[in-house]
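>
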Amino acid sequence: QRLTGVAQENLCESLALGGEVKQSLSHCEAAVAIYGAMATADPKDLQAREDLASGESTLSIALDLAHAPQGALEHQQKARQLFAGTMSEDPDGRDLAQENAVSLMELAKLRKQVHLAGAADAAAEAVRQMQRLASRCPQSREIGATLQRAEDLYESMR
């Protein structure tokens with residue numbers, strides 16, 4: 352089941368970022384449904400909750416690209432709640448920390464887009480998360496690039 356969810360989420364992300372936004376949404380929704388069923392079946396399964404957080408965030412990004420900011424914000428807020436819980440249980444998870452920072456960046460963009468307070472705060476927290484991760488993994492180009500994106504986003508909000 353998990354592999355099917357991951358495949359659906361990856362396909363959603365690829366289609367959305369590749370400009371096929373409308374086609375991507377059904378794949379995002381399928382991933383969230385699979386992850387949600389897994390998390391409901393075993394509420395103590397940390398991986399299932401991490402996957403659900405990631406799926407909600409990916410769905411939010413696809414909805415944002417589909418020019419549906421309110422729906423995107425709702426799913427990103429769900430992702431934020433899930434990330435908060437999973438980060439407290441797995442504070443050293445590298446992938447989780449990076450996904451959490453990307454979620455914070457998306458939340459910042461959405462808050463700014465719909466004129467809600469807290470956009471700069473979310474961007475600043477993304478920078479702090481990525482700085483901590485970069486200090487733990489200084490050789491990672493991917494982490495360095497995500498840190499740069501977070502810093503650029505924060506600067507654009509000041």
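Note that my numbering has the sequence shown beginning at 352, numbered continuously upward. By construction, the Cβ of each residue, glycine as well, lies at the ideal position given by its N, Cα and C atoms.
1. Return the CA-CA distance between residue 379 and residue 413, expressed in angstroms with no decimal places.
2. Quick one: residues in its chain with C-beta nearer than 7 Å to the C-beta of residue 430, no 5 flanking neighbours on either side, listed in chain order?
3. Where do the ends of the alpha helix (DSSP H) carrying residue 371 lie?
4. Buried or exposed: which applies to residue 497, given that a residue is buried once 16 or more other Cβ atoms fall within 10 Å of its Cβ?
5. Between the C-alpha atoms of residue 449 and residue 426, what's the straight-line distance to the nearest angstrom?
6. Are the Cβ atoms of residue 376 and residue 423 separated by less than 8 Å?
7. Under a three-way DSSP split, which group does residue 481 fall into?
8. Just verifying my parser: in three-state terms, what is the DSSP assignment at residue 408?
9. Just to confirm before moving on: does the CB-CB distance between residue 353 and residue 389 stay below 8 Å?
10. Give me, in chain order, the residues of the same chain whose beta-carbon lies closer than 6 Å to that of residue 434; leave out the 5 immediate sequence neighbours on both sides.
11. Could you give the DSSP three-state label for residue 465: helix, strand or coil?
12. Do residue 401 and residue 447 have their beta-carbon atoms positioned less than 8 Å apart in this structure?
13. Among 501, 363, 493, 396, which one has its Cα closest to the Cα of residue 437?
14. Provide the residue span of the alpha helix (DSSP H) that contains residue 426, from first to last.
15. CA-CA distance, residue 491 and residue 470?
16. So, helix, strand or coil for residue 508, using DSSP?
In short:
1. Taking the first residue of the sequence shown as position 1, residue 379 is located at position 28. Taking the first residue of the sequence shown as position 1, residue 413 is located at position 62. Going from the Cα of residue 379 to the Cα of residue 413 covers about 8 Å.
2. By 1-based counting over the sequence shown, the position of residue 430 is 79. Answer for residue 430: 404, 407, 408, 411, 454, listed in chain order.
3. Residue numbering aside, residue 371 sits at position 20 when the sequence shown is read from its first letter. Segment: none, residue 371 is in no alpha helix (DSSP H) and carries neither H nor E.
4. Start at 1 with the first residue of the sequence shown, and residue 497 comes out as number 146. With 16 or more other Cβ atoms within 10 Å, it is buried.
5. Here residue 449 refers to the residue found at position 98 of the sequence shown. Here residue 426 refers to the residue found at position 75 of the sequence shown. Straight-line Cα distance between these residues: approximately 18 Å.
6. If you number the sequence shown from 1, residue 376 lands on position 25. If you number the sequence shown from 1, residue 423 lands on position 72. No; because the gap between Cβ atoms is not below 8 Å, this pair is not in contact.
7. The residue given as residue 481 occupies position 130 in the sequence shown. Helix.
8. Numbered from 1 along the sequence shown, position 57 holds the residue referred to as residue 408. Here residue 408 sits in helix by DSSP.
9. Locating residue 353 in the sequence shown gives position 2, counting from the first residue. Locating residue 389 in the sequence shown gives position 38, counting from the first residue. Yes; because the gap between Cβ atoms is below 8 Å, this pair is in contact.
10. Mapped onto the sequence shown, residue 434 falls at position 83. Correct list, in chain order: 404, 451, 454.
11. Taking the first residue of the sequence shown as 1, we reach residue 465 at position 114. Three-state DSSP puts residue 465 in coil, outside helix and strand.
12. Taking the sequence shown and counting its residues from 1, the one referred to as residue 447 is at position 96. Taking the sequence shown and counting its residues from 1, the one referred to as residue 401 is at position 50. Their beta carbons are under 8 Å apart, which means residue 447 touches residue 401 by this criterion.
13. On the sequence shown, residue 437 is found 86 positions in, with the first residue counted as 1. Here the closest residue by C-alpha is 396.
14. The count along the sequence shown starts at 1 and reaches residue 426 at position 75. Note, residue 426: alpha helix (DSSP H), 420-440.
15. As a working note, residue 491 is residue 140 in the sequence shown. As a working note, residue 470 is residue 119 in the sequence shown. Going by the C-alpha atoms only, they are around 27 Å apart.
16. Taking the sequence shown and counting its residues from 1, the one referred to as residue 508 is at position 157. In the structure shown, residue 508 sits in coil (DSSP, three-state: anything other than H, G, I, E or B).
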